[in-house]
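> Before I ask anything, let me first share the structure, which is written out below as structure tokens.
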Amino acid sequence: MTSRTHAVSMILTVLTLLAGAAGAEEAQAPVDNITAAREEDGRYYTADDVPTFKIAEDGTVDWLTYSGFRRYHAECHVCHGPEGEGSSYAPALKKSAIDLDYYAFVDVVTNGRKRVNVAENSVMPAFGENPNVMCYLDDIYVYLKARGSGELPRGRPAKKEAKSDAIRDAESSCLGHN
Ligand code: HEC
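Heads up: the sequence shown is residues -24 to -1, 1 to 154, going by mature numbering (1 follows the signal peptide of the UniProt record, and there is no 0).
Listed below in structure tokens is the structure:
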């Protein structure tokens, strides 16, 4: 081997190692259904662009998680139990928010679901026409996901991020206030 080809093969080896290292770093980027990969105007999304929660080390929660806590306890807990824990009548939604695909979750809430027969009488109402649910669907979903992940303890979150202007604007146009 001449010293020139030797040098070339050294460079190739170094390049291959560098490429390998970059690949390993990419593989570590969170691609699960929970970890926040990006933030946009106070909302957090996974690598797959599905809404998710964000809890800081000091326990501060993102606005949607806080809002979802309130909305869940206004609209869903009568059947699904406090804190997403489930009841004898309806399933534990903190588990559903982890197990179900986001779009499947949205579909059930929008269109409802029934299992009514001799053995069962299980009715999930359709909320598609209810702005107090539909305008806060992501809030409720990310709150339940935070509960299901084990990262959010029971109870009203003590510390929260400020509500962004974008969230405020989306809310009032969804509710038909402008
Ligand atoms: C009147 C009682 C009632 C209310 C209120 C209610 N649900 Fe349900 N929900 C049910 C029942 C019962 C089921 C199980 C339906 C079935 O057996 O298919 C269910 C199922 C679901 C499922 C599917 C769970 C899974 O793992 O497959 C989701 C998601 C859901 N509800 C979300 C909500 C949300 C969000 C709210 C509040 C906006 C809500 N529900 C309010 C009764 C209710």
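Backbone N, C-alpha and C fix where the C-beta goes; we use that ideal spot for every residue, glycine too.
Jot down the residue ranges of each uninterrupted alpha helix (DSSP H) in the stretch 38 to 126, minimum 4 residues, whole runs only, in chain order.
39 to 51, 53 to 56, 69 to 75, 78 to 87, 107 to 110, 113 to 125
> Sort out for me which residues DSSP pairs Thr22 with in a bridge.
Looking at the DSSP assignment, Thr22 forms no beta bridge with any residue, so it has no partner.
> Does the distance between the C-beta of Ile116 and the nearest non-hydrogen atom of the ligand HEC fall short of 8 Å?
yes
> May I have all residues whose beta carbon comes closer than 6 Å to any heavy atom of the ligand HEC, sorted in chain order?
Glu51, Cys52, Val54, Cys55, His56, Tyr65, Ala66, Pro67, Leu69, Ser72, Leu76, Phe81, Val84, Val85, Arg89, Arg91, Ser98, Val99, Met100, Pro101, Phe103, Val109, Ile116
> Tell me the rounded alpha-carbon separation between Asp141 and Leu151.
15 Å
> Does DSSP put Glu137 in a helix, in a strand, or in coil?
It is coil, neither helix nor strand.
> How many angstroms separate the CA atom of Leu40 from the CA atom of Asn87?
Rounded to whole angstroms, Leu40 and Asn87 show a C-alpha spacing of 23 Å.
> How about Val37 and Pro133: are their beta carbons less than 9 Å apart?
yes
> Pick helix, strand or coil for Glu33, following the three-state DSSP scheme.
coil
> Give the straight-line distance between the Cα atoms of Asp83 and Ser64, rounded to the nearest whole angstrom.
23 Å
> Less than 9 Å between the C-beta atoms of Thr28 and Val118, yes or no?
yes
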